[in-house]
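A.B. asks:
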Amino acid sequence: MSGIVGIINPGGEPVDRALLQRMTDFLSYRGPDATKIHVDGHVGLGHTLLCTTEESQTEQQPLTLDGKVWLTADARIDGRADLIRELESAGRGDGKVANDAELILHAYHAWGEDCVKHLLGDFAFAIWDGEKRKLFCGRDHFGVKPFFYARTSESLIFSNTLNCIRLHPDISSRLNDQAIADFLLFDSNQDPSTTVFADINRLP
């Protein structure tokens, strides 16, 4: 499982590059094959790569196809041939040589937020659309890949690893009593949008 992390400061404050690098480095056990961050003012994305397929050998994330829309993803895309045909019909060529991350970005360029309706496989990703100044995040339909996020007064922080988010100095270790009670009573959290930490949520 590759590691993903991001910090978005909606108010425009520059992202702390050193903090983002520390959070990304923390994920190196998830992705030992490559580590990279991208910072553009108030937006910062990090990725650690675990190569698991032939296509993933060519991945370099965070990824952009046009310098405006950026992706960080932990993804394995299935049904590649069908997706490539759909993309070609939508005017997005070169799919035959695209890796999984590139396929996700091509799908976003073709269908916007509806891209998730065209994706099969296990995935968790975040896309920063610089032109729209919008963050779009998605998970696979069965929730195989985790995606966690937290909001502070100045930032939105996300990752596919709970403890990575806890490295941010504005995230407390305060527990979510209801979530813990659910786990003790029912052996599972009854609210899929929460975690055992009060400051950290899960994308259902």
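Position 171 (the sequence shown) corresponds to 160 in our numbering; numbering is contiguous.
Glycine included, each C-beta is placed from N, C-alpha and C at the ideal position.
#1: In chain order, what residues of the same chain lie with their CB nearer than 7 Å to the CB of His107, ignoring the 5 residues before and after it?
#2: Output the boundary residues of the alpha helix (DSSP H) element that contains Ala99.
#3: Quick one: complete alpha helix (DSSP H) runs, 4+ long, within the stretch 30 to 85?
#4: What distance in whole Å lies between the Cβ atoms of Phe112 and Ala64, which are believed to be in contact at a cut-off of 8 Å?
#5: Measuring alpha carbon to alpha carbon, tell me which of Gly35, Leu60, Cys104 and Ile146 ends up nearest Asp14.
#6: If distances are taken between C-alpha atoms only, which option among Arg6, Arg191, Ile169 and Val32 comes closest to Trp117?
#7: Which residues share a DSSP beta bridge with Ser148?
#8: Within its chain, find whatever has a CB closer than 6 Å to the CB of Pro181; leave out the 5 residues flanking it on each side and keep chain order.
#9: From Leu173, Ala139 and His157, pick the residue whose C-alpha is nearest to that of Ala7; which is it?
#10: Taking the alpha-carbon of Thr42 as reference, which of Ser142, Asn178, Arg191 and Ile66 has the nearest alpha-carbon?
#11: Based on Cα-Cα distance, which residue from Asn165, Ser162, Arg155 and Ser(-9) lies nearest to Met12?
#12: Is it buried or exposed, Tyr138, if we count other Cβ atoms within 10 angstroms and call 16 or more buried?
#13: When you compare the CB positions of Gln256 and Cys40, do they come within less than 8 Å of one another, or not?
#14: Do Leu54 and His94 count as a contact pair if the criterion is CB distance below 8 Å?
#15: Going by DSSP, what residue range makes up the beta strand (DSSP E) through Ala115?
#16: Over what stretch of residues does the beta strand (DSSP E) that includes Leu164 continue unbroken?
#17: With respect to the alpha helix (DSSP H) encompassing Leu8, which residues constitute its N-terminal and C-terminal limits?
#18: Return the CA-CA distance between Lys57 and Lys121, expressed in angstroms with no decimal places.
#19: Out of Asp103, Leu145, Ser148 and Arg140, state which residue places its alpha-carbon closest to the alpha-carbon of His130.
#20: Rounded to whole angstroms, what is the Cα-Cα separation between Val185 and Ala70?
#21: Less than 8 Å between the beta carbons of Val195 and Val4, yes or no?
#22: Output yes or no for whether 8 Å exceeds the beta carbon distance between Ser78 and Leu38.
C.D. replies: The structure says:
#1: Numbered from its first residue, the sequence shown carries residue 107 at position 118. Answer for His107: Leu72, Glu75, Ala96 and Trp100, listed in chain order.
#2: As a first step, residue 99 is located in the sequence shown; it is residue number 110 there, counting from the start. Per DSSP, Ala99 belongs to the alpha helix (DSSP H) from Asp89 to Trp100.
#3: DSSP runs (the alpha helix (DSSP H)) wholly in the stretch 30 to 85: 69 to 78.
#4: For this step, residue 64 is matched to residue 75 along the sequence shown. For this step, residue 112 is matched to residue 123 along the sequence shown. Cβ atoms of Ala64 and Phe112 come within 8 Å of each other, at about 4 Å.
#5: Position 25 of the sequence shown, counted from the start, is the residue given in the question as residue 14. Closest option to Asp14, Cα to Cα, is Gly35.
#6: Position 128 of the sequence shown, counted from the first residue, corresponds to residue 117. Comparing alpha-carbon positions, the option among Arg6, Arg191, Ile169 and Val32 lying closest to Trp117 turns out to be Val32.
#7: Position 159 of the sequence shown holds residue 148. For Ser148, which the question treats as bridged, DSSP gives the partners Val(-6) and Phe137.
#8: Residue 181 sits at position 192 when you count from the first residue of the sequence shown. In chain order, Pro193 place their CB closer than 6 Å to the CB of Pro181, counting only its own chain and leaving out the 5 sequence neighbours on each side.
#9: To locate residue 7, count along the sequence shown from 1; it is residue 18. Cα-wise, what sits closest to Ala7 is His157.
#10: The residue you call residue 42 lines up with position 53 of the sequence shown. Closest by alpha carbon: Ile66.
#11: By 1-based counting over the sequence shown, the position of residue 12 is 23. Comparing Cα-Cα distances from Met12 to each of Asn165, Ser162, Arg155 and Ser(-9), the minimum goes to Arg155.
#12: Translated into the one-based positions of the sequence shown, residue 138 becomes position 149. Within a 10 Å sphere around the beta-carbon of Tyr138 sit 16 or more other beta-carbons, which makes this residue buried.
#13: Since the first and last residues shown for the chain are -10 and 193, residue 256 lies out of range.
#14: Position 105 of the sequence shown, counted from the first residue, corresponds to residue 94. Position 65 of the sequence shown, counted from the first residue, corresponds to residue 54. What sits at residue 94 in the sequence shown is Leu, not His. Going by C-beta atoms, Leu94 is nearer than 8 Å to Leu54.
#15: By 1-based counting over the sequence shown, the position of residue 115 is 126. Leu109 to Asp118 is the extent of the beta strand (DSSP E) around Ala115.
#16: Counting from one through the sequence shown, the residue named residue 164 turns up at place 175. Here Leu164 belongs to no beta strand (DSSP E), and DSSP marks it neither H nor E.
#17: Residue mapping note: residue 8 aligns to position 19 of the sequence shown, counting from 1. Unbroken alpha helix (DSSP H) run through Leu8: Arg6 to Phe15.
#18: Here residue 57 corresponds to residue number 68 of the sequence shown, with the count starting at 1. Here residue 121 corresponds to residue number 132 of the sequence shown, with the count starting at 1. Between the alpha carbons of Lys57 and Lys121 lies a gap of roughly 9 Å.
#19: Numbered from its first residue, the sequence shown carries residue 130 at position 141. The candidate whose alpha carbon is nearest that of His130 is Asp103.
#20: Counting from one through the sequence shown, the residue named residue 185 turns up at place 196. Counting from one through the sequence shown, the residue named residue 70 turns up at place 81. Approximately 40 Å, taken between the alpha carbons.
#21: In the structure as shown, the chain begins at -10 and stops at 193. Residue 195 is therefore absent and cannot be evaluated.
#22: By one-based count along the sequence shown, residue 78 stands at place 89. By one-based count along the sequence shown, residue 38 stands at place 49. Result no, Cβ atoms of Ser78 and Leu38 do not sit closer than 8 Å.
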